[in-house]
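Take a look at the structure below.
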Amino acid sequence: MKKLRIMSVFGTRPEAIKMCPLVKELAARPGFESLCCVTAQHRQMLDSVLEVFGLRPDWDLDIMTPRQTLSDITSRCLLGMDEAIAALRPDVVLVHGDTSTTFAGALSAYYHQVPVGHVEAGLRTYDKYAPFPEEMNRVLTSSIADMHFCPTSGNRENLLREGRSQNLFVTGNTVIDALKTTVRPDYRFSTEELNRLPCGGKKLILVTCHRRENYGEPMKNICLALRQIAEENQDVELVYPVHLSPVVRETVDRYLRGAPRVHLIDPLPTDEMHNLMDRCYLVLTDSGGLQEEAPALGKPVLVLRRETERPEAVAAGTVKLAGVVQDDIVTMAERLISDKEAYEKMAHAVNPYGDGNACRRIADAIEWRYGFRKERPADYEA
Ligand code: UD1
Ligand code: UDP
Numbered sequence: 556m557k558k559l560r561i562m563s564v565f566g567t568r569p570e571a572i573k574m575c576p577l578v579k580e581l582a583a584r585p586g587f588e589s590l591c592c593v594t595a596q597h598r599q600m601l602d603s604v605l606e607v608f609g610l611r612p613d614w615d616l617d618i619m620t621p622r623q624t625l626s627d628i629t630s631r632c633l634l635g636m637d638e639a640i641a642a643l644r645p646d647v648v649l650v651h652g653d654t655s656t657t658f659a660g661a662l663s664a665y666y667h668q669v670p671v672g673h674v675e676a677g678l679r680t681y682d683k684y685a686p687f688p689e690e691m692n693r694v695l696t697s698s699i700a701d702m703h704f705c706p707t708s709g710n711r712e713n714l715l716r717e718g719r720s721q722n723l724f725v726t727g728n729t730v731i732d733a734l735k736t737t738v739r740p741d742y743r744f745s746t747e748e749l750n751r752l753p754c755g756g757k758k759l760i761l762v763t764c765h766r767r768e769n770y771g772e773p774m775k776n777i778c779l780a781l782r783q784i785a786e787e788n789q790d791v792e793l794v795y796p797v798h799l800s801p802v803v804r805e806t807v808d809r810y811l812r813g814a815p816r817v818h819l820i821d822p823l824p825t826d827e828m829h830n831l832m833d834r835c836y837l838v839l840t841d842s843g844g845l846q847e848e849a850p851a852l853g854k855p856v857l858v859l860r861r862e863t864e865r866p867e868a869v870a871a872g873t874v875k876l877a878g879v880v881q882d883d884i885v886t887m888a889e890r891l892i893s894d895k896e897a898y899e900k901m902a903h904a905v906n907p908y909g910d911g912n913a914c915r916r917i918a919d920a921i922e923w924r925y926g927f928r929k930e931r932p933a934d935y936e937a
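For the sequence shown, counting from 1, position 50 maps to 605 in the working numbering; every step adds exactly one.
Below you can see the structure in the form of C-alpha cells.
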C-alpha cells in the first residue's frame, strides 16, 4: 500500500508542544510519511519547543513580524501554504487548536482539496469575542475539517450539537502525552533564575497571561492584582515567564515590574516550564494549555478570564474562574494562600484531558479512516 503523506501544520508555542509528540508518533507508523510544516507565527517561542522535542520541520514559512495583526498572520500563512502544499504534496493536512495558523492552514488545505484533520477539536465558549479570535478560528476550522480529534467527550457533544457526526474521535489531549515526557522528580533547572528562587516555606505561584481579549484594562487589572498579592503575602514568590508579545511586555513593565517577590523572566523552554509547574503551589493564568496541564499535576488553577472552554477541570474542582477584576483575583488567590482547607479541596490530581495516549489514538484513527487498520480505535474515557 502507498504511504499516506500526512503534513502537520503549526506555528505557535502551544500548538508545537501539542503537535510535536504527534508528528513523532505518525513517523513511527509504517503506513505513514510524517511531514512537518511550521508557519513560525511565533519565531523564538516555536524554535524553543522544536529544540526541546528535537524536531526539524520539513518546511518553514517564517511569517512572524513584530506586532503582527490578525490579517498579517492569516494572509502570510495562506500565501506560504500554497508553496508548502505544492512542494510536499500531502494526502492529509493536520492542524491544531484555534490559532490563526490553525484556521489559515485548514483553509489553505481546503483550497487545494486536501482533507483536513483537526486536533483538539470541539472546544467552545459560544461567545465569538471570548476568546478572541480563537472561538471563531475553532468554529471555522470545524466547518472545514474532515476528521475531528476531540480531547474529551464534552468536546464531541459540542460538535454533535452542531450537526457534525462524521469522523469524530475522542482521543484525550496530546498535551498530556507531552507532559509525560518532560516532568521528572529529579529534574534540574538549567535556567539560573529558577535555581536562585528563595525556597524554604515559600509558596511559589506560577503566572502566565497573554490573551488578546485581555489586552488593555483587563491585563492592567491582572497586573495590579498580582502586585497586591505579592505585597500583602510575604510567604509567596510569584514567577511570571512573560510572553514575548510587546503589548504584554509593556503592560507588565508598567504595572508589575519592581514589585517585591515578583520574578519576571523570559519565556521558559517547555521542559523547564512543566517541571516548574510540578513544583509550584498555585497557578494563575489566562492560558488554555496551563488549564489542562496543572490539573494533571494536582495544582489548583485560577483562570484570569471571564469564561473557559475547558469546563471539565472546573467540574473536577481543580480550576476556578477568577475573572479580570482586581479585587476578585486578590480575594480568590489569598484564600488559597491562607486557607489550607480551601487549598486542599482544589489540589488533587485529575486527568479529564487525557492519559498520555492521545497521539496513539489519533494515529490509530487515521489508520482506520484510510484502511490501514480494521478496528476503529476505542474513544478515550476520562
Ligand atoms: C497567539 C495565538 C493565541 C495563542 C498564543 C499562544 C492567534 C491569533 N493567537 O497569540 O491563540 O494562545 O499565540 O501563545 O493565533 N512574538 C515574538 N516572538 C515569539 C512570539 C511572539 O516576538 O516567539 C511577538 C511578536 O511581536 C508578535 C507578537 O508577539 O507579533 C504576537 O504574536 P501573535 O502570534 O500574533 O499573538 P499571540 O498573542 O502570541
Ligand atoms: N509554556 C512554556 N513556557 C512558558 C510559558 C508557557 O513552555 O514560559 C507552555 C505551557 O506549559 C503550555 C503552553 O506553553 O504547554 C501554553 O502556551 P500559551 O500559554 O502560550 O498558549 P495557550 O495555551 O493559551 O494557547
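Heads up, the beta-carbon is just placed ideally off N, CA and C, and yes, glycines get one too.
7 Å Cβ shell around residue i - same chain, five flanking residues per side excluded
i      : result
ALA785 : VAL791, LEU793, ALA814, PRO815, ARG816, VAL817
ASP682 : GLU690, GLU862
ARG568 : HIS597, MET600, LEU601, VAL604
HIS651 : PHE565, GLU570, LYS573, MET574, THR657, VAL674, GLU675
TRP614 : CYS592, ALA639, ALA642, LEU643
ASP883 : ALA877
PHE608 : CYS575
GLY756 : ASP790
LEU761 : VAL794, LEU831, MET832, CYS835, VAL838
PRO824 : SER603, VAL607
Contact belief for residue i with residue j at Cβ below 8 Å, rounded distance in angstroms
i      : j      : result
LEU577 : VAL674 : 7 Å
ARG711 : GLY677 : 6 Å
GLY769 : VAL879 : Before going further, note that residue 769 is Asn rather than Gly in the sequence given. About 6 Å separates the two Cβ atoms, so the contact holds.
LEU837 : LEU891 : 6 Å
ALA920 : PHE724 : 4 Å
PRO645 : MET702 : At roughly 14 Å, the Cβ-Cβ gap does not stay under 8 Å, so PRO645 and MET702 are not in contact.
ASN906 : ALA877 : Their Cβ separation, rounded to whole angstroms, is 23 Å, which puts ASN906 and ALA877 out of contact at 8 Å.
VAL738 : GLY844 : Contact flag wrong, Cβ pair sits at about 14 Å.
ILE908 : GLU847 : Note that residue 908 corresponds to Tyr in the displayed sequence, not to Ile. About 4 Å; that satisfies the 8 Å criterion.
ASN750 : ALA913 : Not confirmed; about 33 Å, so no contact.
GLY853 : ALA904 : 4 Å
PRO801 : PRO621 : 7 Å
ALA780 : VAL648 : Between VAL648 and ALA780 the Cβ distance is about 41 Å, and since that is not below 8 Å, they are no contact.
Rounded straight-line distance, which links the Cα of residue j to that of residue i
i      : j      : result
GLN623 : VAL564 : 19 Å
ARG931 : ARG916 : 10 Å
PHE587 : ARG560 : 6 Å
MET820 : LEU799 : In the sequence on display, residue 820 carries Ile and not Met. Computed Cα separation, rounded: 11 Å.
GLU889 : ALA700 : 44 Å
PRO855 : LEU839 : 9 Å
ALA582 : ASP617 : 23 Å
LEU695 : ASP894 : 44 Å
CYS778 : LEU811 : 6 Å
VAL858 : ARG834 : 19 Å
ARG679 : ALA851 : 21 Å
GLY718 : ASN692 : 18 Å
THR726 : ARG809 : 42 Å
ASP826 : ARG611 : 18 Å
LEU734 : ALA849 : 10 Å
VAL797 : MET828 : 12 Å
PHE558 : PHE704 : Note that residue 558 is Lys in the sequence shown here, rather than Phe. So the two alpha carbons sit approximately 21 Å from each other.
TYR684 : PRO585 : 43 Å
ASP637 : ASP653 : 20 Å
GLU896 : LEU633 : 52 Å
LEU752 : CYS764 : 21 Å
TYR925 : GLY635 : 28 Å
Residue environment, residue i, which counts as buried when at least 16 other CB atoms sit within 10 Å
i      : result
PRO686 : buried
CYS754 : exposed
SER663 : buried
MET774 : buried
TYR556 : At residue 556 the sequence reads Met, which differs from the Tyr that was named. Its Cβ having fewer than 16 others within 10 Å, MET556 is exposed.
THR629 : buried
GLY771 : exposed
SER720 : exposed
ASP741 : exposed
ALA918 : buried
Contacts around residue i, its chain only, beta-carbon distance under 6 Å, and the 5 residues preceding and following it disregarded
i      : result
TYR665 : ILE699
ASP660 : Note on identity: in this sequence residue 660 is Gly, with Asp being the wrong assignment. Excluding positions up to five away in sequence, the list reads VAL564, VAL650.
ARG716 : none
LYS579 : none
ASP841 : CYS764, ARG766, ASN769, LEU859, ARG860
Residues near residue i in its chain [Cβ-Cβ closer than 8 Å; skip 5 each side]
i      : result
LEU625 : SER655, PRO688
LYS929 : TRP923
PRO866 : GLY709
PHE744 : ASN750, GLU827, ASN830, LEU831
LYS875 : PRO855, VAL856, LEU857, VAL858, VAL869, MET887, MET901
ASP910 : GLY727, ILE731, TYR935
Check: residue i C-beta below 8 Å from any heavy atom of ligand 4
i      : result
LEU845 : Ligands displayed in this structure: ligand 1 and ligand 2; ligand 4 is not among them.
request  = Pick out the complete beta strand (DSSP E) segments inside the region 657-717, 3 residues or longer, and give them in chain order.
outcome  = If only uninterrupted beta strand (DSSP E) runs of at least 3 residues are considered, those enclosed by the region 657-717 are 671-674, 702-705.
inquiry  = To test your reading of the DSSP string, which unbroken beta strand (DSSP E) runs of 3 or more residues are found completely within the region 800-877?
reply    = If we require 3 residues or more, the beta strand (DSSP E) runs fully inside the region 800-877 come out as 817-820, 837-840, 856-858, 874-876.
message = Could you tell me which whole beta strand (DSSP E) segments of length 3 or greater appear in the region 747-775?
response = Given a length threshold of 3 residues, each whole run of the beta strand (DSSP E) inside the region 747-775 is given here in chain order: 758-763.
task = Please specify which runs of the alpha helix (DSSP H), each continuous and at least 4 residues long, are wholly inside the region 600-643, giving them in chain order.
result = For the region 600-643, the full-length alpha helix (DSSP H) segments reaching 4 residues or more read 625-643 along the chain.
query = Which whole runs of the alpha helix (DSSP H) in the region 893-926 are 4 residues long or more, in chain order?
reply = The qualifying runs are 895-901, 913-924.
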